[in-house]
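Just below is one structure, and these are the notes that go with it.
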Amino acid sequence: MGYFDSLNAQQLAAVKCTEGASMVIAGAGSGKTRVLTYRIAWLIQNGCDPFHLLALTFTNKAAREMKSRIAEIIGDSDSRNVAMGTFHSVFAKILRFHADKIGYQKNFTIYDTQDSRSLIKSIITELGLDEKIYKPGLIQHRISGAKNNLISAVDYARDGDLLLADKMSSKPRLHEIYTLYDLRCFKASAMDFDDLLFKTNLLFDEHPQVLHFYQHKFRYILVDEYQDTNQSQYVIVKKLAAVHGNICVVGDDAQSIYSFRGANIQNILNFKHDYPEHFLFKLEQNYRSTRTIVNAANSVIAKNKDQIVKTVWTDNPTGNKIRVVRTLTDNEEGKHVANQIYEIKFNHQARSRDFAILYRTNAQSRSFEEALRKLNLPYRIYGGLSFYQRKEIKDLLAYFRLAANPHDEESLKRIVNYPKRGIGNSTIDKVIVAGNDFQVSPWEVISDQTAYPTDIAPSAKRKLSEFAAMIQSFSVQMEKSDAHELAQHIAKASGIMKELYEDKSPEGVARFENIQALLSGIKEFSETGEEGSTQFLSDFMVDIALLTDADDKKAEDQDTISLMTIHSSKGLEFPYVFVVGMEENLFPSQLALNSRAELEEERRLFYVALTRAEKLVSISYATSRYRWGNLIISEPSRFIDEVDPEFLEFEGQMRGGGGVALGALNKQARMGNATKSIFSSQQRTLKKINVSSQSTLNDPLVDIRVGNNVIHERFGKGKVVGLEGNPPVKATVFFPNAGNKQLLLKFAKLEILE
DNA sequence: CTTGCAATGACTGAT
DNA sequence: TCATTGCAAG
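The numbering of the first sequence is our numbering, which starts it at 627 and goes up by one.
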């Protein structure tokens, strides 16, 4: 039992308390994942069959990591059989198994956000509604919200309050869109993300014997990140745990950041009412971060009203203060962060993977990419457009999807005329209209044109038949041929390969390479199968819509700096963290200033950002940045002022007068803040930092000229042969001992010899 | 039906 | 800034 020695008393208690309901409130960095892994290992070692375990995580990556850690403790063969994954992927599997019971095909398609928005858009157009009023994105959000709260289209159309609310916001026909959307998804045998949970509930309600089966199969249920579950997920868990009552939820209300996705913080706050007999464990010792970081984060989260009381503390050393950096533009912010990383790497022999740059919105990544590339620092961007969402990949996948499930309307629309085969919009519209009239999928209209007559021109009809014949030939091979062979065949026969090969522009070449990458990924998949058995393309397609960028296994062991949104950094940790774009209207987001609840969620997001760091946090803001191509002036985020100033040190370029202190003072006056002034402490630190800050008048190096003789602490004497920037930031220096070196003046500590 | 250009709106967050 | 959409001409 030596494995368990590394746990502290609270952790061990939480691990061993397996019977009944328990809730683990786990502060940031308190070893939550350890508790989950050891708990599963403990259960199995004490005789629980892995088949009886269900562990629900927030990301596929978290599930994978947990599985491999459990395998290290108790061995691969046992850990493999635990049902572990995200809510979406676990229940997608169960739904495929029982699909016929709720009228779906086993190989139903999963619509991603793009697909479902596109379908909503066409329904709005078909109903003749104004897209300016019925904005597809907003409608999608409303439908999603309804599903997450288990309100079906029928319920919605009967709910007086909802109908009234829609009327008041001049969208009285929203419920019609919801109804039609549902119908079209059903006809296409497609489910969107929310359906995977909604239909699971439906399956359990309509088929008690299925529910009964899983209630007995899953005798122990664990839910990670419980604070971010929505109503639909909550009900699933509650149903499954109803028989045995062995449920363990783990979470931290202070890290609830997904309410926009329907997450309901009340789920964790109300656990004690649902399970009055529950055991409560609080993990409050942070093992991750320095004392400064832990206390700074605590000082921020203390401003929130809605929270479970807890005290996160640490035994770790105090560490450095949190740096606050002000720059004039977003590009300068990028350069500054890149330079800091360069410096820390050099001084502390850090690896690239020790660094993360965290921002509020995906669009902010650009200035950092550029700056890092200039310094030759390797990086990787997470989120944004994932590999599987790129146009060319989606195009080819649409062929695969259509071959697996020809009723998939979105895939059909996507590729029926790509590559160009003379089937234009008017033809497609006629097909869709006919499908609606005859109550069948568009596929049925084009594959059996005698049964579903239309007024489509004969030439177009012939082209449709040719297309249908091609898809049909792919379908036939779907469950016969090897995945890679078929994928290769489809890529060629569809004309996609030719289309992309002929495009010699840089983007075209990149697209062609992406297709190759997808095909070699499928090849790898083909080869993972058991000896002698064939891996089908349909198996590869299962749940591909549920994969994200973070699930790229190959990228995990590469040594790169991570760039991501704070949302996607949840659950991760890095020695050095840069929280950037700390500006009003950006973070907190302008769209989150309408209510206290929204602002508190932004504050929790800031808390999550700070607590990702082990050793050092640096936060920065720019006083101006480009947004949609025009320059906007911005003010520092209120959250900077909310950190107890004893944990901060300010650094900034004093060009442009006022400086940090003045800005903060103005803000304090504006907010009528009566707390102790942070002005004095900033004054103090400002003086100190001016000495070392770059490109101020005090800095002797603005006087550097080409031809100067200089001395460097490592390379010795040298001569300046080139300069970049005005004032100069980078110098090329020739050292007789070391040759030509590119040096950043800020870090090189060059001394000019008179 | 396709092509090419001008106009337009998007940027919270993501399974 | 960038990608998508609408419209006119071939």
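Note that the Cβ used here is the ideal one computed from N, Cα and C, for glycine as well.
When the options are compared against residue i, the one with the closest alpha-carbon
i	options	result
ASN707	ALA1136, VAL1168, LYS843, GLU1268	LYS843
TYR730	PHE905, LYS825, SER858	LYS825
ARG810	LEU745, VAL1042, GLU752	LEU745
LYS1124	ILE1141, LEU1219, ALA1109	ILE1141
THR1191	TYR884, PHE1064, SER1085, LYS1017	TYR884
LYS961	THR712, SER993, ALA772	SER993
LYS1046	LEU984, ILE1122, HIS1115, ILE1058	ILE1122
CYS674	LYS658, ASN686, SER705	SER705
ALA976	ALA725, TYR1202, GLU1275	TYR1202
ASN930	PHE1232, ASN1335, GLN966	PHE1232
Residue burial classification, residue i (beta-carbon count within 10 angstroms, cutoff 16)
i	result
ILE1259	exposed
ARG952	buried
TRP1254	exposed
PHE1213	buried
ALA1300	In this prediction, ALA1300 scores a pLDDT of 28, lower than 50, which makes its location untrustworthy; no coordinate-derived value is stated.
ILE769	buried
GLY1348	exposed
TYR1127	exposed
GLU958	buried
GLN1184	exposed
GLN1098	exposed
Cβ neighbours of residue i in the same chain (closer than 7 Å, five flanking residues each side left out)
i	result
LEU806	ILE749
ASN774	ASP820, ASN856, GLN857, SER858, GLY888
MET1208	ILE1245, SER1246, TYR1247, PRO1262, SER1263, PHE1265, ILE1266
TYR1252	ASP956
LEU1001	ALA964, TYR968
For residue i, the three-state DSSP class (helix, strand or coil)
i	result
ARG1230	helix
ALA709	strand
ASP818	strand
TRP1254	coil
PHE734	coil
SER742	helix
GLY1050	coil
SER632	helix
LEU1198	coil
VAL1359	strand
PRO1132	helix
GLN1114	helix
PRO1262	strand
GLN966	helix
ASN912	strand
HIS833	coil
SER1073	helix
For residue i: DSSP bridge partner residues
i	result
ALA889	ASN856
MET649	VAL875, LEU906
THR683	THR712
TYR1005	ILE1187
LEU984	MET1190, VAL1205
SER1215	ASN1211, LEU1212
TYR1247	ARG952
GLU1277	VAL951
VAL1336	GLY1344, ILE1378
VAL849	LEU682, VAL875
ILE750	Looking at the DSSP assignment, ILE750 forms no beta bridge with any residue, so it has no partner.
ALA1403	Here the chain has residues from 627 to 1380 only, and residue 1403 is not among them.
THR940	ASN912
PHE1369	The question names Phe, but residue 1369 is Leu in the sequence shown. The partner list for LEU1369 (beta bridge, DSSP) reads ALA1357.
LEU1349	ALA1357
Cutoff 8 Å; reference residue i; Cβ partners in own chain excluding five residues on either side
i	result
TRP939	GLU910, GLN911, ASN912, VAL920
TYR629	TYR664, ALA667, ILE699
GLU645	ASN872
THR1186	SER978, ARG979, PRO1004, TYR1005, ARG1006
GLY763	ARG743
SER882	GLN853, ASP854, ALA889, ILE891, ILE894, GLU1227, ARG1230
ASP879	ILE651, GLN853, ILE891, ILE894, LEU895, ASP932, GLN933, ILE934
Beta-carbon proximity list for residue i, same chain, < 6 Å, skipping 5 on both sides
i	result
ILE1035	Just to set this straight, residue 1035 is Glu in the shown sequence, not Ile. Cβ neighbours of GLU1035 beyond the five flanking positions: ALA814, PRO1068.
ALA654	THR1237
ASP785	none
CYS874	SER648, LEU848
MET1167	PHE1026, ALA1030
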